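A short worksheet on the structure shown next.
Residue numbers (UniProt numbering): 1 to 577.
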C-alpha cells in the first residue's frame, strides 16, 4: 500500500448530551461530524426542508398541473448515470401516480449524444414524430442553452429540474427548479437531481390536492424514497441533514422489503441481504451495477430495471446489469494498467509528476474514464483527468476527479478564462467534472490544467492522508459496535462512515483470492484475536507478523457458515517501526 499520513478527526472539547439515550461512541462520532443538536439526528419526513423554498417550483407545478388537466403528453429527459436513472424513474412513476395520462422518457447516449438536452435530441424526436407537449429534464438542463431553445422553437414547453452548478447564462426554459441557480433560497444546496424531482412531485401533489384534482386514493409518494435514497448516495452528494433524511427513509423501506423490485433484484444478484443493508451498499453495490449500463451500453436498461413491476422482469434486467458491471471491471483493470505505465513513463517518482494530471490513451473507453480518473487520483493524490477519444476522431472527452482543497469546476473555469476556446464545453461539481477538448490541444490543456492546480494547492495538499476517528477501546472493539455503526448512519459524503486506527499484533497473514490479504489480529494492549481482511492489496505484501501493524479499519459483522463474528475491514496498514 502507498504510504499515507494517518490523521485523527478533531473532537469537540465536550461531547454533547442531547438529552436522550445515545451510546457514548455515537455521541462522539456525531459531534466530530458537526452535529450540534438533537434535531440534526431526526430523520422523519416532517424535518425535510419545504419544497416551496425552491425558486421556480410554483411555475413548474402550474405547467405539470396543466398536463394533468388537459391530458398533455409529458416526456422526461434523463441522464446516463445513477442519479439520472433514479431521477427518471421517480419522475415517470410519480407523474403517473399524480394523474399525467401519457408520460415517457428518453435518456441520451453517452457516446452519440453527450450529456444533457441537446438540439440533436429534439431534432430526432421531431423526425420520429414524437414531440411531447411538455419536456421535463431531470439531473440535467441547467446548461442546455441550445437544447432548450430548440425545444421551445417547436412549441414544446420545458421544465428544467437539475442540481448542477449554473453557468453565466441560464437556459430560457418555462421553469427552472435547481437549488444551485442564482437567487434560490433553498437551504439544501447539496440535493441530488433525484431529490429535486421528488420535491417537484410533492409540491405538485399539494397543488392538485388543494384544487381537488388528486386521484383517489391519494398517491403515496413515500413509496419512491428507495429510489431517492439510491440516487442521492450513488451521486456522492454531501449528506447534509436533508439528504440524510432522504437516505434514511429510503433505507428503511428497503430493509422492510418495500422497495422497487429492481432495487431488490440488484441487491440479490450482488448477494446482499436487503434486510441488513446500509448506505454503503447503495453506493458500492447497487450504484455501480446501475451505472454500468450508462457506461457501456444504454442507461435505458437500468431505468427499465428500476421501473419493472415484477420480480422476474427485474431479475432478468438486474442480471444483465450485473454482467455489464463485470465487463466494466475488466475494462477498468486494463485501463488502469495502461495508466500506471503512462505514469511510470512520465516520472520515476510521484514527486516529479504534474500537480494536475491529464492522461490519455487511444484505446481508453469513454464510459470508464471517470472511474479510471478516480483510481489514479487515489493512487497519486492529485487532481486527475482521464481522456478518451470522441467518436468524431477530432476531439477528446475527459472526466475529472479532484482532491480536498480543489474545486475542480472552478479550476476548469480558470483554465477557460485564461485560455478561451481551449475547452469546447465543460461542467461539473467540486469533486468531479467533464469536458471536451480538441485532440490537438491535449498538451496545451495539460499545461494549463497543471498551472491552475498549482495556483490553488500547496505541496502539503498533495500529501495523501487518511482521517480516522482514533482508536476503539477493547470494550468497543466488538460485534455490538459493528451493528451499532451499521445502524447509526446514514453515512456518506461529508458525513463519513466511521473508520478507526490502532496497533495490532499480526498473529498470521495469507493472501486469498490472489489479491486480498487475510489477517488474524490481536490488539497490542491485549484482548482476543480478531479476523481482518484487506482487499486488493496485490500478491506481494510485507510480512507484518514480525513487526506488528498500525491498522486503519472499520468494524464489520461477518457471517460465515451460519456464524457471525467481528471482522475488521482494513482500509490501510503499515508496519510498526
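For every residue, glycine included, the Cβ atom is placed at its ideal position computed from N, Cα and C.
Note that the structure is a prediction, hence the values are computed from the model and not measured.
Residue 243 is classed as buried because its beta carbon has at least 16 other beta carbons within 10 Å across all chains shown. DSSP places residue 538 in the coil class of the three-state scheme, outside both helix and strand. For the pair residue 248 and residue 440, the Cα-to-Cα distance works out to about 48 Å.
The Cβ atoms of residue 495 and residue 471 lie no closer than 8 Å to each other. A distance below 6 Å between beta-carbons, with the five flanking residues on each side excluded, links residue 259 to the following residues of its chain, in chain order: 226 and 253.
With at least 16 other beta carbons inside 10 angstroms of its own, residue 320 counts as buried. Contact check for residue 433 and residue 454: beta-carbon distance about 18 Å, past the 8 Å limit, so the pair fails to qualify.
Secondary-structure assignment with DSSP links residue 503 through a beta bridge to 550.
In this structure, the CA atom of residue 151 is about 22 Å from the CA atom of residue 165.
For residue 138, the uninterrupted beta strand (DSSP E) run begins and ends at 134-138, by DSSP.
Distances from the CA of residue 306 to each of 86, 66 and 71 were compared; the closest alpha carbon is that of 86.
In terms of Cβ geometry, residue 177 and residue 84 do not form a close pair [threshold 8 Å]. Its Cα nearest to that of residue 518, the residue 571 stands out among 493, 364, 571 and 366. Per the coordinates, the alpha-carbon of residue 493 lies some 10 Å from the alpha-carbon of residue 232.
At the C-beta level, residue 195 and residue 228 come within 8 Å of one another.
Given a length threshold of 3 residues, each whole run of the beta strand (DSSP E) inside the UniProt domain "DDH" (73-232) is given here in chain order: 73-77, 102-106, 134-138, 157-161 and 175-177. Each residue's CA atom was taken as its position, placing residue 72 and residue 133 some 6 Å apart. Counting C-beta pairs closer than 8 Å gives three or more between the segment 471-485 and the segment 553-568, which meets the contact rule. One thing to note: residue 544 has its Cβ no nearer than 8 Å to the Cβ of residue 522.
In this chain, the beta strand (DSSP E) harbouring residue 428 covers 423-428. Around residue 514, the same chain offers 539 as residues with beta carbons nearer than 8 Å, after the five sequence neighbours per side are excluded. Taking 8 Å as the upper bound for CB-CB distance, residue 261 and residue 310 are in contact here, some 6 Å apart. Inter-residue distance for residue 238 and residue 98 is about 30 Å (C-alpha atoms, whole angstroms). Check the Cα spacing between residue 367 and each of 390, 281 and 356: the tightest is with 390. Using a C-beta cut-off of 8 Å, the segment 47-63 makes contact with the segment 185-200, since at least three inter-stretch Cβ pairs fall below that distance. Residue 544 sits in coil when the DSSP states are folded into three classes, being neither helix nor strand.
If you check the CB distance, residue 5 and residue 464 come in under 8 Å.
Contact between residue 411 and residue 452 holds, since their C-beta atoms are separated by about 5 Å, short of 8 Å.
Between the beta-carbon of residue 437 and that of residue 422 there is about 7 Å, and that keeps the pair under the 8 Å contact cut. The beta carbon of residue 80 is closer than 7 Å to those of 107, 108, 110, 294 and 299 in its chain, skipping five residues each way along the sequence. C-alpha of residue 9 to C-alpha of residue 162: approximately 33 Å in a straight line. Across the set 503, 203 and 534, the C-alpha of 203 shows the shortest separation from the C-alpha of residue 63.
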